Amino acid sequence: MDEGIHIEGLSKRYGAGDTAVDALKDVNMRIAPGEVVGLVGPSGSGKTTLLKCLGAVIEPTRGRMILGGEVIYDSEQGGWKTKDLRALRRDRIGFIFQAPYLIPFLDVTDNVALLPMLAGRANGTSRVRALELLQALDVAHRAKAQPSELSGGEQQRVSIARALANQPPVILADEPTAPLDSQRALAVVRILNQMASQYQTAIIVVTHDEKIIPTFKRIYHIRDGRTVEEPGEGREIS
Amino acid sequence: MISLAGRDILHSWGKFVLTGIGLGLLIGATLTMAGVYRGMVDDARVLLTNSGADIWVVQKDTQGPYAEASSIRDDVYRGLLGMPGVAQAANVTYLTMQVRHGARESRSMVVGFEPGQPGEPGYLVAGRRLVRSHYEAIADVKTGFRLGDRIRIRRHDYEVVGLTQRMVSSGGDPMVFIPLKDAQEAQFLKDNDAIIADRARTAANPALNRPGVPGLLDAVTASQTINHSVNAVLVKVGAGDTAETVAQEIRRWKHLQAYTREQMEEILIAKLIATSAKQIGMFLAILTIVSAAIVAFIIYTMTLGKIREIAVLKLIGTRNRTIAGMILQQALGLGLIGFVVGKISATLWAPAFPKYVLLETADAMRALAIVMLVCALASTLAIRAALKVDPATAIGG
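In order, the protein sequence lines correspond to chains A and B. Under the numbering used here, the first residue of the first sequence is numbered 5, with each subsequent residue one higher. Under the numbering used here, the first residue of the second sequence is numbered 218, with each subsequent residue one higher.
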């Protein structure tokens with residue numbers, strides 16, 4: 005089976021009849037474990053819709069999605085393979101948002117440990133896992149801090165740690181560098197590359213950010229709901 | 218699993234505690250209202266207990282002496298003493314009036330009683346019992362009088378020789394006990410000008426001042442200045458007799474109304490303070506609704522402030538049950554803080570109330586249960602809002 009992300013003929017139509025809008029049209033993507041690809045396109049091109057479909061938040065109209073070697077959606081076989089989409093998102097998909105959206109009333113460790121805890125793991129084990137990730141992302145020294153005490157870059161690193169907490173085969177990053185300056189934005193991309201490689205996670209980075217686009221080895225351009233794959237520059241980040 | 222509600226409370230504890238204190242003061246007011254009602258009931262019971270009577274004999278077709286005016290002749294007790302089962306019978310008078318002490322006045326119920334007989338205050342907290350036939354008084358501490366104070370009742374001064382407590386009328390007025398004869402006189406004693414005017418009016422009445430009947434006018438005038446009425450006779454039943462049996466005999470043979478302790482309690486609690494109880498009940502209902510509205514509003518506002526975090530929590534796989542539990546626990550936490558603050562507040566300010574406020578543990582427990590229930594119900598609005606949050610809103614800015 006295909007590991008990473010494999011999408012075949014994915015379409016999404018909003019509405020019906022004359023007012024129907026095809027947000028995604030026959031999208032095909034294939035991202036290997038450990039690979040980071042960019043998803044680039046203008047506003048309204050379908051990036052967010054694609055992310056929501058991949059994130060099991062909205063149901064596609066047609067197509068097939070395979071995450072981590074497991075078919076999660078197949079329109080020809082009844083749609084979602086599981087009724088518990090919440091558990092699917094929790095266990096198999098990591099999310100990184102434009103703003104870090106850390107839970108303000110949990111400290112850094114518990115923000116990361118929350119996911120394994122939600123998956124039913126013991127508090128102690130979850131916190132050990134969280135600390136490992138924080139160490140890997142070089143924010144372990146802020147483990148007891150509140151999110152409001154962190155800089156923007158630190159917050160984004162914690163949110164990356166949270167996305168990795170349940171070791172998902174896939175991470176969906178929605179403009180993760182938008183609020184950051186060039187230096188920090190590139191640092192985030194470097195971390196994503198490291199984490200993808202270290203944890204063999206396939207990462208899709210939705211972005212408009214001209215600073216980071218040249219760093220991707222592969223880019224999917226999306227326009228009017230259709231994707232076109234192009235090789236990226238794969239520029240090294242110093 | 219960590220307690221999301223607990224962490225959120227700790228994170229914004231200042232806001233939470235201040236809100237809890239505000240709610241607590243409202244709960245304190247609610248508990249106090251309940252305490253006022255309990256105090257009224259307890260005052261009524263203590264009033265009956267401290268009178269030392271088993272039966273209250275009053276004017277026929279009245280519910281006196283506490284609920285209605287009752288007037289019976291002061292020699293009735295002699296006849297009652299001769300009846301089987303009656304161990305003691307004593308006259309008492311009750312008169313609510315302003316008792317003066319210097320420039321200060323205290324609204325009191327003046328009780329006339331015979332020392333050593335039913336009607337005498339059960340116990341003293343200071344001073345001594347009445348030993349003189351006139352112009353001595355025992356006052357409830359709530360009057361504010363002290364031992365040795367000289368108080369004025371109508372035209373006479375009385376020295377406070379003893380202090381008692383928990384002796385208040387059904388209206389909550391503290392009692393002042395004076396000798397029966399003084400009390401009988403006080404009930405009808407007028408000022409000198411009024412007496413002169415009354416005598417002139419009697420002398421001008423040809424029916425009461427007949428030229429051919431010497432001494433008639435003096436007899437009529439004398440009868441007008443002496444009061445032979447009392448409000449009730451308190452009866453103590455002998456060993457081996459039941460109050461109900463003796464009361465039945467009194468009703469049958471003396472053409473008077475006789476109430477047992479249970480019947481008098483029914484009059485005082487179910488009839489006399491029933492309106493007050495309904496009034497308090499209305500206040501309790503309103504305060505409960507206001508508390509619920511406040512909790513609902515606060516929890517709803519707090520939840521709306523976390524909509525983005527809730528969307529993220531749902532997106533990353535948090536179950537609805539966990540989110541609902543978080544909101545419910547916060548509402549219950551708020552209720553618990555409110556209850557503790559309310560209980561402490563009510564306990565602190567209850568003694569300052571002019572009327573007795575009885576805060577019963579059972580009431581507090583009931584209040585706790587109601588507060589928790591109200592908070593749980595109030596949180597449903599916020600839970601509904603949280604569960605409606607679409608996790609997709611966390612994606613796409």
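Idealized CB from N, CA, C, for every residue including glycine. Here the structure is a predicted model, which is why all the values come from computation and not from measurement.
Test: residue i CB closer than 8 Å to a CB of chain A
i, result
"B/I224", "According to the sequence as given, residue 224 of chain B is Arg; it is not Ile. For B/R224, the answer is yes, since a Cβ of chain A falls inside 8 Å of its Cβ."
"B/M218", "yes"
"B/I238", "no"
"B/V557", "no"
"B/A611", "yes"
"B/L532", "yes"
"B/G498", "no"
"B/V606", "no"
"B/E526", "yes"
is_contact[residue i, chain B] using C-beta, thresh 8 Å
i, result
"A/K56", "yes"
"A/T4", "Lying outside 5 to 242, the shown extent of chain A, residue 4 of chain A is not represented and no answer is given."
"A/L110", "yes"
"A/M5", "Here A/M5 scores only 45 on pLDDT, less than 50, and its place in the model should not be relied on; the value that follows carries that caveat. Chain B contact via Cβ: absent."
"A/G83", "no"
"A/N115", "no"
"A/V193", "no"
"A/Y105", "yes"
Alpha-carbon to alpha-carbon, residue j and residue i
i, j, result
"B/L514", "B/V452", "First, the residue type needs correcting, since residue 514 of chain B is Phe and not Leu in the sequence shown. One C-alpha to the other measures close to 58 Å."
"B/T578", "B/V258", "16 Å"
"B/A563", "B/T249", "6 Å"
"B/A593", "B/A548", "6 Å"
"B/T520", "A/L168", "28 Å"
"A/R90", "B/L530", "10 Å"
"A/T23", "A/D228", "16 Å"
"B/P301", "B/G339", "26 Å"
"B/V358", "B/L298", "33 Å"
"A/V75", "A/R68", "7 Å"
"A/M5", "A/T181", "In this prediction, A/M5 scores a pLDDT of 45, lower than 50, which makes its location untrustworthy; no coordinate-derived value is stated."
"B/A343", "B/L227", "52 Å"
"B/V348", "B/V450", "22 Å"
"B/P396", "B/V512", "56 Å"
"A/L190", "A/D213", "10 Å"
"A/G8", "A/T53", "20 Å"
"B/E337", "B/F556", "41 Å"
"B/P332", "B/A420", "38 Å"
"A/L106", "B/G241", "32 Å"
"B/T462", "B/F330", "25 Å"
"A/N115", "A/E237", "35 Å"
DSSP three-state assignment for residue i, whether helix, strand or coil
i, result
"B/H228", "helix"
"A/K221", "coil"
"A/T23", "helix"
"A/M5", "For A/M5, the predicted structure reports a pLDDT of 45, less than 50, and the residue's modelled location is therefore unreliable. The matter cannot be settled from this model."
"B/V293", "helix"
"A/G128", "helix"
"A/Q171", "coil"
"A/L135", "helix"
"B/P608", "helix"
"A/K16", "strand"
"B/K471", "helix"
"B/V430", "coil"
"B/R367", "strand"
"B/G534", "coil"
According to DSSP, residues forming a beta bridge with residue i
i, result
"B/T310", "B/G329"
"B/A356", "B/L380 and B/V393"
"A/L176", "A/F99 and A/I208"
"B/L451", "B/W273 and B/A307"
"A/M69", "A/I11 and A/Y77"
"B/H318", "B/R321"
"B/M519", "Its beta-bridge partners do not exist; DSSP assigns none."
"B/G344", "B/G379"
Beta-carbon proximity of residue i to residue j, cut-off 8 Å
i, j, result
"B/I540", "B/A595", "no"
"A/V162", "A/V209", "no"
"B/G389", "B/K572", "yes"
"B/A304", "B/V454", "yes"
"B/I289", "B/L473", "yes"
"A/G48", "A/D30", "no"
"B/I244", "B/A581", "no"
"B/Q401", "B/D291", "yes"
is_contact[residue i, chain D] using C-beta, thresh 8 Å
i, result
"B/T520", "Looking at the structure shown, chain D is missing, and the protein chains on hand are A and B."
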